[in-house]
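Read the structure below first, then the notes.
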Amino acid sequence: QVQLVESGGGLVQAGGSLRLSCAASGTIFGINAMGWYRQAPGKQRDLVATITSGDSITYADSVKGRFTISRDNAKKTVYLRMNSLTPEDTAVYYCCVVRYGSNYWGQGTQVTVSS
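Start counting the sequence shown at 614; every next residue gets the next number (our numbering).
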């Protein structure tokens, strides 16, 4: 099993920045990819950004140029730097890890952007 602990969410004004962190523990050998998804009220959970074990990165079109995903292999942590935040970025952000075809999810961290 993989355990994920997220941190870094909060309330920020439009135009501001936040950095989310997700630390993985447990059976972490064989992780193929780590990433972030978000879910706004009444909407489905959508991909924000992912980074694979081969450092291939994917971003949702809505966050390209504003968000940056990175990871620290030694700390088994993935980060999401979010700049130029808008109220449309308000959502619960979930960390996700893919290991041998199985998805593991964090508990989610709330990001609220005020106008």
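For glycine and all other residues, C-beta sits at the position ideal for the given N, C-alpha and C.
State the Cα-Cα distance for the pair Ile-644 and Gly-629, rounded to the nearest angstrom.
32 Å
With a CB to CB cut of under 6 Å and the five nearest residues on each side skipped, what residues in its chain are close to Val-583?
The first residue shown for the chain is 614 and the last is 728, placing residue 583 beyond what the model contains.
So, with DSSP's three-state summary, where would you put Asp-674?
helix
Cβ-based neighbour list, Lys-689, same chain, cut-off 6 Å, excluding 5 preceding and 5 following:
Ala-637 and Ile-641
If you draw a straight line from the alpha carbon of Ala-662 to that of Gly-639, how long is it in whole angstroms?
23 Å
By how many angstroms is the C-alpha of Thr-681 removed from the C-alpha of Val-615?
24 Å
Please state if the CB of Ser-634 and the CB of Gly-623 are separated by a distance shorter than 8 Å.
no
Residue ranges of each beta strand (DSSP E) run of no fewer than 3 residues wholly in the region 618–655, ordered along the chain?
Entirely contained in the region 618–655, the beta strand (DSSP E) runs reaching 3 residues are, in chain order, 623–626, 631–639 and 644–652.
Starting from the C-beta of Tyr-713, find all residues in its chain whose C-beta is less than 6 Å away, skip the five residues before and the five after it, and write them out in chain order.
If you ignore the 5 residues before and after Tyr-713, its C-beta comes within less than 6 Å of the C-beta of Gly-643, all in its own chain and listed in chain order.
If you check the beta carbons only, do Leu-698 and Ala-653 fall under 8 Å apart?
Not closer than 8 Å, so no.
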